[in-house]
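Here's the structure, in structure tokens; my notes come after.
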Amino acid sequence: MSARLAVIVVENLTKDYASGWLGHRRHRAVDHLTLEVQEGEIFGLLGPNGAGKTTTVKLLLRLIRPTAGTVRLFGRSPEDPVVRAQLGFLPEHPYLPEALTACELLDYFGQLCGLSRSDRLARAAALLHQVGLPASVADRPLRQLSRGELARVGLAQALLHDPKLLILDDPFGGLDPEGRRQVRDWLLRWREEGRTIFLSTPLIAEAEIICDRVALLHRGRLLACGSPAELAPPTARGAVEILARDLTPQTCESLRARGCDVRADRALVRVCAPASANGWEAVDFIRRSGGCVIAVNPIRSSLERFFEDAVTASEASPA
Numbered sequence: 010m011s012a013r014l015a016v017i018v019v020e021n022l023t024k025d026y027a028s029g030w031l032g033h034r035r036h037r038a039v040d041h042l043t044l045e046v047q048e049g050e051i052f053g054l055l056g057p058n059g060a061g062k063t064t065t066v067k068l069l070l071r072l073i074r075p076t077a078g079t080v081r082l083f084g085r086s087p088e089d090p091v092v093r094a095q096l097g098f099l100p101e102h103p104y105l106p107e108a109l110t111a112c113e114l115l116d117y118f119g120q121l122c123g124l125s126r127s128d129r130l131a132r133a134a135a136l137l138h139q140v141g142l143p144a145s146v147a148d149r150p151l152r153q154l155s156r157g158e159l160a161r162v163g164l165a166q167a168l169l170h171d172p173k174l175l176i177l178d179d180p181f182g183g184l185d186p187e188g189r190r191q192v193r194d195w196l197l198r199w200r201e202e203g204r205t206i207f208l209s210t211p212l213i214a215e216a217e218i219i220c221d222r223v224a225l226l227h228r229g230r231l232l233a234c235g236s237p238a239e240l241a242p243p244t245a246r247g248a249v250e251i252l253a254r255d256l257t258p259q260t261c262e263s264l265r266a267r268g269c270d271v272r273a274d275r276a277l278v279r280v281c282a283p284a285s286a287n288g289w290e291a292v293d294f295i296r297r298s299g300g301c302v303i304a305v306n307p308i309r310s311s312l313e314r315f316f317e318d319a320v321t322a323s324e325a326s327p328a
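Per the working numbering, the sequence shown starts with residue 10, numbered consecutively.
What follows is the structure in structure tokens.
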């Protein structure tokens, strides 16, 4: 089998910012970052707030210039018009014209992309349907939309010109568990369509579920890179904790038979569903049985523990 194309190639990427009185001190936001993203994979850049993720995204897009190092997209400069035509981008905080509706916004961006009017209308309608934004919402000014609805508009905008590479800065930000699940489903679907997806997020458990490979970033430095299974034992991957109420004894017994750990805490019930039990099927079963699901959270994953250990080792070692 032939090797896949390296869509993103980053070598010794470094970004310094001036700080202090008169800019005499330097703050290093990204420190000699080297990585590759292969064609057709979902690649996650993970780390806490302030790790350098958004700075890295801006460097990939050449929205800011590096202090040192190189970035190649599809083997070319990020500034090459041929490359930019194949890019779809969702910033961490999209700045969208609040007076426009979602339909008007997509029509405007479609004109910038050179799409014909018929293509713009068809693409906008298809994408808004795909991201689950009904016409009643798409025809309202953006200022009236919730953050979750704006995130859907932003994703539709990023896909409008049918790009080969999607760069998404914190696509899970501000979304509830159901919204995050929907985004995961869309990302997997877009990968199946042949797109390459580069995303940044502080939500390690979310990325662990869908990413083919991840890079762990801390204070601008790469701590580790590989698949979740390579970086940490996969025993806890996909496991979720469900907080629910109004569960009958029969429902609890059925959940235990499915391999879940069920514990009552006064009026609340905690259901820990391992990956083998498929937590989302357990959620659906609870709802069908008349129970009320209050919250669903990924169980602290092995990749999170690996990241914490890597940070501790990094802090202990000399610079």
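Beta carbons are placed, not taken as given, at the ideal position from N, Cα and C, and that holds for glycine.
### Task
Please list, in chain order, all residues of the same chain as residue 265 whose beta carbon is under 8 angstroms from its beta carbon, the five residues on each side excluded.
271.
#### Entry: Beta-carbon proximity of residue 1 to residue 78, cut-off 8 angstroms
Here the chain has residues from 10 to 328 only, and residue 1 is not among them.
### Query
If you pair each beta-carbon of the segment 209-219 with each one of the segment 27-44, do three or more pairs fall below 8 angstroms?
By the criterion of at least three beta-carbon pairs nearer than 8 angstroms, the segment 209-219 is not in contact with the segment 27-44.
### Contact belief for residue 300 with residue 254 at Cβ below 8 angstroms, rounded distance in angstroms
The pair is a contact, with the Cβ atoms about 7 angstroms apart (cut-off 8 angstroms).
### Query
Nearest to residue 205 by CA position, among 34, 33, 27, 48, is which residue?
Comparing Cα positions, the closest option is 48.
### Message
Under DSSP, the beta strand (DSSP E) around residue 281 begins and ends at which residues?
### Response
Note, residue 281: beta strand (DSSP E), 277-282.
### Query
At a cut-off of 7 angstroms, is residue 198 close to the ligand SAM when judged by its beta-carbon and the heavy atoms of the ligand?
Of ligands this structure carries none, so the ligand SAM is not represented either.
### Which of helix, strand or coil DSSP assigns to residue 144
Looking at residue 144 - three-state DSSP - the assignment turns out to be helix.
### Reduced DSSP category for residue 248 - H, G, I as helix; E, B as strand; rest coil
Coil at residue 248, not helix or strand.
### Message
Once DSSP output is grouped into helix, strand and coil, what is the label at residue 120?
### Response
Secondary structure of residue 120 (DSSP, three-state): helix.
### Query
Taking the alpha carbon of residue 241 as the point to measure from, which residue in 112, 312, 71 has its own alpha carbon closest?
Selected option, being the one with the closest Cα: 312.
### Query
For residue 324, is the classification buried or exposed, using 16 other Cβ atoms within 10 angstroms of its Cβ as the cut-off for buried?
Result: exposed.
### Query
Hey, how far is the Cα of residue 132 from the Cα of residue 74?
One C-alpha to the other measures close to 33 angstroms.
### Message
For the beta strand (DSSP E) containing residue 241, name the first residue and the last one.
### Response
Neither: residue 241 is in no beta strand (DSSP E) and is coded neither H nor E.
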